[in-house]
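Trainee: Sharing a structure, written as structure tokens. Questions coming.
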Amino acid sequence: MTDSARSTAADGPRVELRGAEATMLATLYGRALDARSPDPILGDMLSAETLDKINFDPTRTGLRPGDHYSVAMRAEFLDGWTREFLARHRTATVLHLGCGLDTRVWRVNPGPGVSWYDIDLPDVIELRRTLFGDRAGSTMIASSVTDPAWLAEVPRDRPTLVVAEGLVYYLTETDGRALLRRLVETFSSGQLIFDGFSQLGIRMQRLNGAVHKAQATLHWGIDWPTELETIHWRLRCTDAVGVFAASDFSVLSARYRVLATLGKNLPALANMARYYRLEF
Ligand SMILES: C[S@@+](CC[C@H](N)C(=O)[O-])C[C@H]1O[C@@H](n2cnc3c(N)ncnc32)[C@H](O)[C@@H]1O
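Basically the working numbering = 1-based index in the sequence shown + 1156.
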């Protein structure tokens, strides 16, 4: 960890968040540590610069040494699916739910035919506006994703990609299923891409340092892709990829190599965290 990754900007916006909102500081910190590591996976320097601008001690996020690898790998994986969708649909809408301070829109850099929406709770969007300002082609919406009203602000006449990284398990199962159903009913075609934990992952949440430190609670556990397909008859799960199978953990620290080997070989662990891609 570099000194700059530890530093806080005394004159920057002071960040006092708790619960699910605070967890986006851990992912920002993870991307910043990755960017400043000798062999970055994601190489997201804007995240590192953004972390430097806020008045906050990132070591309070509960991110343990090496955890930044998994943060960077998850972001890189979902960036890949985002790019694939946008390569097929030059004219599209992207709904980036639970965006936090994620810089995905800069990493993916969509073309002029894409309308991008970053949606998160009001305190987070206020901080996001202060730190990032406006960007052509992208719009921020301050709302809970579970409130149906925000959908009125979004165009419905083009293929729609919904990206939700690090979000769905903070919703209750009832709210999460209602959200996915509403999205499918609102847009004529598109994809939903997100990461999810199994019920076992939810039961083991006390071991998740970032969730614990933020005093957040995980709710919705997904054991099988078929559970998602029952939400709406138009939903088809095309991919359910175990997190350990998705990335090359062999390049990482010994602790992560052991975890990845267990994760690939023990079925309960292999399915504990997955990436999902659904089409409708
Ligand atoms: C783990 S962070 C992930 C942030 C971002 N996606 C990233 O990867 O850096 C979880 C995010 O979900 C947001 N969130 C949780 N519940 C939400 C809700 N009901 N509506 C909108 N955003 C929510 C939090 O505010 C937080 O920004």
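Ideal placement from N, C-alpha and C gives every residue a C-beta, glycine not left out.
Kindly indicate which three-state DSSP category M1201 falls into: helix, strand or coil?
Mentor: Locating residue 1201 in the sequence shown gives position 45, counting from the first residue. Looking at M1201 - three-state DSSP - the assignment turns out to be helix.
Trainee: So, at 7 Å on beta carbons, what are the nonlocal neighbours of M1296 in its own chain, with the 5 sequence-adjacent residues on each side left out?
Mentor: Here residue 1296 refers to the residue found at position 140 of the sequence shown. Same-chain partners within the cutoff: D1274, I1281, R1284, R1285.
Trainee: In or out: S1503 buried (at least 16 other Cβ within 10 Å) or exposed?
Mentor: In the structure as shown, the chain begins at 1157 and stops at 1436. Residue 1503 is therefore absent and cannot be evaluated.
Trainee: Check each candidate in L1198, T1183, S1299, A1248 and name the one with the smallest Cα separation from V1318.
Mentor: For the purposes of this step, residue 1318 is taken as residue 162 along the sequence shown, with counting starting at 1. Residue A1248 is the option with its Cα nearest to V1318.
Trainee: Examine ligand 1 and report whether any of its heavy atoms sits within less than 7 Å of the Cβ of D1276.
Mentor: Counted from its first residue, the sequence shown places residue 1276 at position 120. Yes, the beta carbon of D1276 sits closer than 7 Å to at least one heavy atom of ligand 1.
Trainee: Only counting the same chain, and skipping five residues up and downstream in sequence, which positions put a Cβ closer than 7 Å to that of G1186?
Mentor: Here the question's residue 1186 lines up with position 30 in the sequence shown. Cβ within range, chain order: L1219, D1223, H1224, V1227, A1228.
Trainee: Among residues of its own chain, excluding the 5 on either side of D1379, which ones have a beta-carbon nearer than 6 Å to its beta-carbon?
Mentor: In the sequence shown, the residue the question calls residue 1379 occupies position 223. The answer, listed in chain order, is S1354, Q1355.
Trainee: Nearest-angstrom Cα distance between R1221 and I1349?
Mentor: Translated into positions along the sequence shown, residue 1221 becomes position 65. Translated into positions along the sequence shown, residue 1349 becomes position 193. The displayed chain sequence assigns Pro, not Arg, to residue 1221. Using only the alpha carbons, I get a separation of about 28 Å.
Trainee: Are the CB atoms of L1277 and L1257 within a distance shorter than 8 Å?
Mentor: In the sequence shown, residue 1257 corresponds to position 101, counting from 1. In the sequence shown, residue 1277 corresponds to position 121, counting from 1. Not a contact, by the Cβ cut-off of 8 Å.
Trainee: Which word fits G1236, buried or exposed, when buried means at least 16 other C-beta atoms lie within 10 angstroms of its C-beta?
Mentor: As a position in the sequence shown, residue 1236 is number 80, starting the count at 1. By the 10 Å Cβ count, G1236 comes out exposed.
Trainee: Keeping to the same chain, check which residues put their C-beta closer than 8 Å to that of H1388; ignore five residues upstream and five downstream.
Mentor: The residue you call residue 1388 lines up with position 232 of the sequence shown. Excluding positions up to five away in sequence, the list reads L1336, R1337, V1340, E1341, F1436.
Trainee: Under the rule that 16 or more other beta-carbon atoms within 10 Å means buried, what is N1427, buried or exposed?
Mentor: Within the sequence shown, residue 1427 is the residue found at index 271, counting from 1. Buried: at least 16 other Cβ atoms inside 10 Å.
Trainee: Quick one: complete beta strand (DSSP E) runs, 3+ long, within the stretch 1281-1341?
Mentor: With a minimum length of 3 residues, the continuous beta strand (DSSP E) runs that stay inside the stretch 1281-1341 are 1294-1298, 1316-1320.
Trainee: Per DSSP, F1353 is paired with what?
Mentor: Taking the sequence shown and counting its residues from 1, one reaches residue 1353 at position 197. DSSP lists A1429 as partners of F1353.
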